[in-house]
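So for the sequence shown, this note's numbering puts the first residue at 236; every next one is plus one.
Positions of the beta carbon are idealized from the N, C-alpha and C atoms, including for glycine.
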Amino acid sequence: MDMKSKYGQTTMAQGVSAMDAIREKGTFRKFMQTKHMVLFAALLAAGTIAAPVQAQRHTYPLIGWQSFGGAIVDYYSRFDLIISRHTDVRWAQEMKRRNPDVLLVPTYDWNSAQSPFIPNFPEEWWLKKSNGDYVYAYGTYKMANLSDMCPRAKSGPMAGMTYAEYLPIFLTELVDLSVFDGLATDGAWGHSEMYWMYNRPQFADVDIDANGVNDKQQMSKDAWLERWQNGMDTILNGLRARMPEGKLLIVNSGNYHNWGWEAQNGIIVEKLYGYFDDKFTYDYFQKFRAGKNIDFVTVADGLPYKTYPGLPERTKDDFQGMLFGLVTSMFNDVYFSFQNVEAGEHYWSHWYDEFELDLGMPIGPPKEIRTGLWVRFFQKGVAIANSNGQDHVATDADLRRFSEYSGPYYRFRGGQNPDYNNGAQFTSVELQGMKLDNRYFGDGIILLNQPRTVIADIIIDNSDSGTSPGSDPAELRNGFQQSQNCSNDGYTVRCSGWLNTYRTAEANPGPARAIFRPTIGVAGLYDVYEWHPALSGGATKVIHYVVSKDGQKSFVVNQQQNSGRWNKLGTFYFERGSNGRVEISANGADGVVAADAIKFVYVGEDADRDTTPPDTPRGVKVRIENQ
Numbered sequence: 236m237d238m239k240s241k242y243g244q245t246t247m248a249q250g251v252s253a254m255d256a257i258r259e260k261g262t263f264r265k266f267m268q269t270k271h272m273v274l275f276a277a278l279l280a281a282g283t284i285a286a287p288v289q290a291q292r293h294t295y296p297l298i299g300w301q302s303f304g305g306a307i308v309d310y311y312s313r314f315d316l317i318i319s320r321h322t323d324v325r326w327a328q329e330m331k332r333r334n335p336d337v338l339l340v341p342t343y344d345w346n347s348a349q350s351p352f353i354p355n356f357p358e359e360w361w362l363k364k365s366n367g368d369y370v371y372a373y374g375t376y377k378m379a380n381l382s383d384m385c386p387r388a389k390s391g392p393m394a395g396m397t398y399a400e401y402l403p404i405f406l407t408e409l410v411d412l413s414v415f416d417g418l419a420t421d422g423a424w425g426h427s428e429m430y431w432m433y434n435r436p437q438f439a440d441v442d443i444d445a446n447g448v449n450d451k452q453q454m455s456k457d458a459w460l461e462r463w464q465n466g467m468d469t470i471l472n473g474l475r476a477r478m479p480e481g482k483l484l485i486v487n488s489g490n491y492h493n494w495g496w497e498a499q500n501g502i503i504v505e506k507l508y509g510y511f512d513d514k515f516t517y518d519y520f521q522k523f524r525a526g527k528n529i530d531f532v533t534v535a536d537g538l539p540y541k542t543y544p545g546l547p548e549r550t551k552d553d554f555q556g557m558l559f560g561l562v563t564s565m566f567n568d569v570y571f572s573f574q575n576v577e578a579g580e581h582y583w584s585h586w587y588d589e590f591e592l593d594l595g596m597p598i599g600p601p602k603e604i605r606t607g608l609w610v611r612f613f614q615k616g617v618a619i620a621n622s623n624g625q626d627h628v629a630t631d632a633d634l635r636r637f638s639e640y641s642g643p644y645y646r647f648r649g650g651q652n653p654d655y656n657n658g659a660q661f662t663s664v665e666l667q668g669m670k671l672d673n674r675y676f677g678d679g680i681i682l683l684n685q686p687r688t689v690i691a692d693i694i695i696d697n698s699d700s701g702t703s704p705g706s707d708p709a710e711l712r713n714g715f716q717q718s719q720n721c722s723n724d725g726y727t728v729r730c731s732g733w734l735n736t737y738r739t740a741e742a743n744p745g746p747a748r749a750i751f752r753p754t755i756g757v758a759g760l761y762d763v764y765e766w767h768p769a770l771s772g773g774a775t776k777v778i779h780y781v782v783s784k785d786g787q788k789s790f791v792v793n794q795q796q797n798s799g800r801w802n803k804l805g806t807f808y809f810e811r812g813s814n815g816r817v818e819i820s821a822n823g824a825d826g827v828v829a830a831d832a833i834k835f836v837y838v839g840e841d842a843d844r845d846t847t848p849p850d851t852p853r854g855v856k857v858r859i860e861n862q
């Protein structure tokens with residue numbers, strides 16, 4: 236029986252009826268959540284676990300992403316949480332239409348007062364040296380004076396106010412909080428960050444009160460940090476006073492900061508690759524959450540670790556690194572994303588089969604099987620990870636020791652990493668670990684309490700950033716060129732020439748070909764879609780060849796129509812491997828041809844398909860007569 240997973244992609248549950256599938260996503264889920272809360276209350280009364288700080292909004296795993304922007308709505312709407320620079324109400328409404336449960340939180344860089352810049356930003360609000368030169372936050376971005384000693388604006392709507400006093404007004408007027416779910420920061424350095432920046436060369440001379448004297452000559456470091464933090468607290472308190480109740484406030488300091496916790500829902504963990512302790516920063520988050528009566532919402536931007544000499548190149552196919560970050564984020568109740576190290580941060584996030592899983596809600600906190608090996612139980616499965624940099628073997632017998640056990644458990648059957656996620660009943664798994672540069676690295680696995688096939692849509696893009704894990708981007712031959720045009724409605728998760736994340740590829744009529752070749756991990760029927768942008772002079776007759784187990788079929792696409800959307804070509808059977816493909820040909824076209832993106836959506840196995848060749852006929856005589 237087909238049914239949809241957490242994010243609407245196809246899953247297959249063995250032995251599940253249509254009614255069971257309906258119950259699974261409707262009434263049954265409500266029953267299980269009620270049952271879970273009763274169990275949770277009983278454990279709480281018994282003193283077994285700590286009290287929760289909020290009712291979680293999404294089932295696990297929690298998938299969230301801080302993005303500078305650039306992805307299409309179709310991609311953004313997959314996530315539970317999006318932190319971005321989008322403030323357009325129409326964009327938010329379309330996102331909510333596609334995914335009613337998504338949390339949308341615009342972000343703003345407090346340090347550099349952008350983006351967007353505050354109109355008529357007062358000159359006196361910039362942080363300066365004693366000689367009047369600017370202090371720079373990063374690169375060519377000026378640093379704003381966030382302290383409580385910032386000179387007050389002399390004119391305009393902010394007259395008489397410091398930057399810290401005006402910023403809450405500006406942000407709550409910039410963002411429609413009747414539509415968006417809160418506010419976030421990109422850069423916000425408080426006490427713990429400025430403690431280190433204070434000794435950096437760029438802050439060797441700083442004059443927060445603009446009296447022409449280097450602050451280091453007239454106040455102690457502690458006094459200076461206190462005045463700086465006073466300004467940060469003014470912003471936090473001002474935002475809380477102006478924001479409607481229940482709205483989120485998420486701070487990205489670039490650090491596990493220790494200030495302003497009482498006003499914040501959570502933080503953004505940038506460049507999560509390994510941990511500096513052997514307990515995945517669990518104690519920090521428990522302290523952060525202690526005593527709060529507001530939701531805990533934190534995002535971790537996972538990143539492969541490839542800078543250490545001797546390590547292999549880590550890419551989007553670093554499934555071990557992804558799983559370690561994802562599972563430990565599930566331990567910490569943190570939203571997670573994972574991006575190719577080439578991107579640096581906030582440019583794109585890849586989408587994995589594991590992101591499609593629906594484990595329901597956690598049943599208690601993570602528990603230590605033995606030193607450095609942890610497990611957390613959920614309504615519909617279990618997650619395991621090693622955390623102390625050592626190799627560990629986890630077995631079904633290890634899990635049976637806990638009262639939350641509801642096995643047997645199964646590896647789900649997935650398409651991106653099919654040898655690992657092979658659908659087998661769980662007996663044991665070896666999790667690899669290492670410690671490098673004082674960071675602990677590990678591994679992870681997610682198991683389900685029912686056998687399932689969960690395959691994320693396979694998207695082959697003209698750029699690697701938009702191509703699904705486990706597959707390679709399109710091959711462009713004989714004339715297709717990557718386009719620098721980022722203004723059309725092509726498929727992209729980030730359009731930026733310097734990152735080689737082009738929106739589309741273009742060719743004039745001729746021999747040019749683009750080959751979109753998915754790596755199929757699970758054989759079966761797949762719906763195939765094409766996406767093309769609206770191009771000036773676009774062709775009306777573009778041949779698409781689909782090569783599958785069914786043979787080769789051709790389709791003519793009018794690229795002057797139905798742009799900026801997925802258009803279905805048909806349903807085809809693909810074998811495991813990379814023999815299947817879609818080819819776009821510019822031969823015979825009557826205009827500019829776009830080669831943008833192809834999507835393969837798993838439908839299921841073809842139960843009626845007989846893939847066994849017939850026996851060789853025996854005793855058959857063939858007579859050919861002249862006509």
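Along the chain, where does the beta strand (DSSP E) containing residue i start, and where does it finish?
| i | result |
| --- | --- |
| ASN802 | 802-809 |
| SER427 | No beta strand (DSSP E) holds SER427; the alpha helix (DSSP H) holding it covers 426-432. |
| GLU818 | 816-820 |
| VAL664 | 663-666 |
| ILE485 | 483-486 |
| LEU339 | 338-343 |
| ALA372 | 371-373 |
Rounded to the nearest angstrom, what separates residue i and residue j at their Cα positions?
| i | j | result |
| --- | --- | --- |
| ASP513 | SER622 | 5 Å |
| ARG738 | TYR761 | 25 Å |
| ASP678 | LYS670 | 12 Å |
| ALA632 | SER564 | 24 Å |
| PRO686 | HIS779 | 36 Å |
| TRP813 | ASP707 | It is worth fixing the name first, because residue 813 is Ser in this sequence and not Trp. So the two alpha carbons sit approximately 10 Å from each other. |
| ASP593 | ALA659 | 18 Å |
| SER572 | GLN651 | 16 Å |
| SER798 | GLU329 | 17 Å |
| THR420 | TYR517 | 23 Å |
| TYR837 | ASN657 | 16 Å |
| ARG348 | ALA379 | The question names Arg, but residue 348 in the sequence shown is Ala. Looking at the two C-alpha atoms, the distance is approximately 7 Å. |
| LEU770 | LYS451 | 58 Å |
| SER700 | GLN574 | 9 Å |
| GLN464 | HIS426 | 5 Å |
| ASN334 | VAL308 | 10 Å |
| VAL791 | SER820 | 10 Å |
I'd like to confirm the pairing. Which residues does DSSP put opposite residue i in its beta bridges?
| i | result |
| --- | --- |
| ALA757 | Looking at the sequence provided, one finds Val at residue 757 rather than Ala. None, per the DSSP bridge assignment. |
| GLY616 | PHE613 and LEU683 |
| HIS321 | In DSSP, HIS321 forms no bridge with anything. |
| ARG648 | ASN657 and THR688 |
| ARG292 | DSSP lists no partner for ARG292. |
| PRO386 | Paired residues: none, contrary to the question. |
| ALA740 | GLN717 and ALA830 |
Taking the alpha helix (DSSP H) that residue i belongs to, which residues open and close that run?
| i | result |
| --- | --- |
| TRP463 | 456-477 |
| TRP361 | From DSSP, TRP361 is part of no alpha helix (DSSP H); its letter is neither H nor E. |
| TYR675 | No alpha helix (DSSP H) contains TYR675, which is instead part of the beta strand (DSSP E) from 674-676. |
| ILE404 | 398-409 |
| LEU634 | 631-635 |
For residue i, which residues in the same chain have their Cβ closer than 6 Å to its Cβ, ignoring the five residues on either side in sequence?
| i | result |
| --- | --- |
| MET384 | ILE443, ASP444 and ARG462 |
| PHE520 | ASN567 |
| ILE833 | ILE695, PHE751, GLU765 and VAL817 |
| PRO422 | The sequence shown places Gly at residue 422, not Pro. Excluding sequence neighbours, GLY422 sits near ASP344 and ASN346. |
| TYR491 | TYR519 |
| PHE612 | ILE598 and GLU639 |
| VAL562 | ALA618, ALA620 and GLY679 |
| GLY305 | ARG729 and CYS730 |
| SER365 | ASP440, ASP442, GLY447, VAL448 and ASN449 |
For residue i, collect the residues of the same chain with a Cβ closer than 7 Å to its Cβ; drop the 5 residues on either side in sequence, then sort them by chain order.
| i | result |
| --- | --- |
| PRO882 | What the structure shows of the chain is the stretch from 236 to 862, and residue 882 is not part of that stretch, so it cannot be assessed. |
| ARG646 | ASN656, ASN657, GLY658, ALA659, PHE661 and LEU682 |
| GLY756 | GLY649, GLY650, GLN651, PRO653, GLY705 and ARG811 |
| TRP424 | ASN346, MET432 and SER488 |
| GLN625 | GLY607 and GLY668 |
| SER641 | ASN684 |
Who are the near neighbours of residue i in its chain, counting only those whose CB is closer than 8 Å to its CB and skipping five residues on each side?
| i | result |
| --- | --- |
| ARG674 | TYR508, GLY509, TYR510, PHE511 and TYR540 |
| ARG740 | Residue identity differs from the one stated: residue 740 is Ala in this sequence, not Arg. Hits under 8 Å: ASN697, ALA709, LEU711, PHE715, GLN716, GLN717, SER718, ALA749, ALA829, ALA830 and ASP831. |
So within the region 508-592, which uninterrupted alpha helix (DSSP H) runs reach at least 4 residues, ignoring any that extend past its ends?
517-524 and 554-567
Ignoring anything shorter than 3 residues, give me the beta strand (DSSP E) runs that lie fully in the region 689-738, in order along the chain.
693-696 and 710-712
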